[in-house]
Amino acid sequence: MIDLLALCAFNAAYAQVIDSDALERWPAFFTENCRYRITHVENENEGLAAGIVYADSRAMLEDRIAALREANIYERQRYRHLIGIPVLDSADDSGAGAHTPFMVARIMATGETTLFATGIYRDRVVRGEAGNLLLAERVAVCDSTVTDTLLALPL
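Position 66 of the sequence shown, counting from 1, maps to 522 under our numbering, and the rest follow consecutively.
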């Protein structure tokens, strides 16, 4: 069974990979046939599947990072995540469902720091073959319906 402490450590490692710009390691937090979506609370409450970002496989996440590194042009920035304690919605031998609050500060190349996103991760977490935790699904539900056009990095 997946416990709360293991989930906290998993979320801390997830955030550290993004915040330290080790983005090539980010897709490894997901199962091969995963779902990753960024949306906002109104879309989620209305059951609208469309999101700001959508991927339905680890390969799509890898492509997203390759595009960030090689093709996309965006103003240099980095994130700093503050992640709350997860609330387990369900847990059994096959995995766990959880929701976890987050805040993300964005630091621009100029040094300007702003609160970029707040919201909740809605996760389905499973154990990989090696016993490690993996995200079968992560939906980042942002509190604000306004999306900055500089949403380049994963949340």
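Quick reminder that beta carbons are idealized off the backbone N, C-alpha and C, glycines included.
Spatial neighbours of Asp545 in its own chain (CB-CB distance under 7 Å, excluding positions within 5 residues in sequence) are listed in chain order as Gly553, Ala554 and His555.
Nearest in C-alpha terms to Arg520, of all of Arg481, Cys598, Gln533 and Val581, is Arg481.
Bridge partners of Met564 according to DSSP: Gln533.
The stretch 478-556 is shown to contain whole beta strand (DSSP E) runs of 3 or more residues at 486-496, 509-511, 533-539 and 543-548, in chain order.
DSSP places Ile458 in no beta strand (DSSP E); its state is neither H nor E. With a cut-off of 8 Å on Cβ pairs, the stretch 533-548 is not in contact with the stretch 583-598, counting fewer than three such pairs.
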